[in-house]
Amino acid sequence: GEDVEQSLFLSVREGDSSVINCTYTDSSSTYLYWYKQEPGAGLQLLTYIFSNMDMKQDQRLTVLLNKKDKHLSLRIADTQTGDSAIYFCAESVRGSYIPTFGRGTSLIVHP
Amino acid sequence: DAGVTQSPTHLIKTRGQQVTLRCSPISGHKSVSWYQQVLGQGPQFIFQYYEKEERGRGNFPDRFSARQFPNYSSELNVNALLLGDSALYLCASSPKDDRPNQPQHFGDGTRLSIL
């Protein structure tokens, strides 16, 4: 079955790197996504990675995928107060139109 | 270009009433999905439509229904509202290609409160 798990909270100091972790259970996952949700807003797609990739970098964001351990991480370099939000990991399995979301990690950035 | 737009932004209803939520996808997107996000949880899939046909349905009761119009906008209807239906309802659209696993672009949602 599909299950996506994330830690609920992460607190970092401004300027440091943040690493948000996610584990998933479905070995047939094809795409893995990271979304950001700010208070009172919908979800913003940050980045996604195909399951045949190990890493993807996009400006301050780096996604690492460990398929053996079914572990996905999102690293935010030089974290800013504007990065404070809830970050959702999601997966979709081969042939599916439907992503399954984790509960989200609340990132708090201290000045 | 405008993103996904949803209306209304907030809504208050009482138990037993019916509600209709509306969504306009990004221009050129033919696929629309609906999600329910209860406070403190991730979004839960309700429906997906592509070219006016239902492509998927989540584990929600028959009180929930949806449709997609020729202009690709969509409505989500919920009948006989329960307190547990209080949530943020999110609409998402996907690019026009009929391929699975397309990244979804979300609107800001409709906050539904049931009294």
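Chains as they are written, first to last, in the working numbering: chain X, 1 to 111; chain A, 1001 to 1115. Idealized CB from N, CA, C, for every residue including glycine. A quick note: this is a predicted structure, and the numbers were derived from the prediction, not measured.
Query: Pull the bridge partners of X/LYS36 from the DSSP assignment, please.; Result: X/GLN44, X/TYR87
Query: Would you mind giving the Cβ-Cβ distance between A/GLY1003 and A/GLY1107, rounded to the nearest angstrom? I have them listed as a contact below 8 Å.; Result: 7 Å
Query: Go ahead and pull the three-state DSSP assignment for A/LEU1056.; Result: It is Gly, not Leu, that sits at residue 1056 of chain A in the sequence shown. Strand.
Query: Could one say the Cβ of X/PRO99 lies closer than 8 Å to chain A's Cβ atoms, at least one of them?; Result: yes
Query: Please classify X/GLY1 as buried or exposed, where buried requires at least 16 neighbouring CB atoms within 10 angstroms.; Result: Any answer about X/GLY1 is weak, because its pLDDT of 45 lies below 50 and its placement is not dependable; what the coordinates show is given next. Counting Cβ neighbours within 10 Å, X/GLY1 comes out exposed, since fewer than 16 surround it.
Query: Looking at the structure shown, is X/THR30 part of a helix, part of a strand, or coil, going by DSSP?; Result: strand
Query: At a CB-CB cut-off below 7 Å, which residues of chain B make contact with A/PHE1045?; Result: The displayed structure is made up of protein chains X and A, and chain B is not among them.
Query: Take A/ILE1012 and list the residues in its own chain whose beta-carbon comes closer than 7 Å to its own, dropping the five residues that flank it on each side.; Result: SER1113, LEU1115
Query: Here's a check: name, in chain order, each residue in its chain whose Cβ is nearer than 6 Å to the Cβ of A/THR1014, leaving out the five neighbours to either side.; Result: LEU1115
Query: Just the Cα atoms here: how many angstroms apart are A/GLU1053 and X/SER92?; Result: 20 Å
Query: Using CA atoms only, rank isn't needed, just tell me which of X/VAL109, X/LEU46, X/PHE50 is closest to X/LEU32.; Result: X/PHE50
Query: Considering only C-alpha positions, which residue in the set X/GLY82, X/CYS89, X/GLN57, X/LEU46 is nearest to X/PRO99?; Result: X/CYS89
Query: Please report the straight-line C-alpha distance between A/PHE1060 and X/GLU14, rounded to a whole angstrom.; Result: 41 Å
Query: Go ahead and label X/SER18 buried or exposed: buried means 16 or more other beta carbons lie within 10 angstroms of its beta carbon, across all protein chains shown.; Result: buried
Query: For a contact meaning CB atoms closer than 8 Å, what does A/HIS1105 contact in chain X?; Result: LEU45
Query: Check for me: the beta strand (DSSP E) holding X/HIS110 runs from which residue to which?; Result: 105 to 110
Query: Is there at least one Cβ from chain X nearer than 8 Å to A/SER1024's Cβ?; Result: no
Query: Under 9 Å, CB to CB, which of the residues in the region 1083 to 1095 of chain A have a partner in chain X?; Result: LEU1088, LEU1090, CYS1091, ALA1092, SER1094
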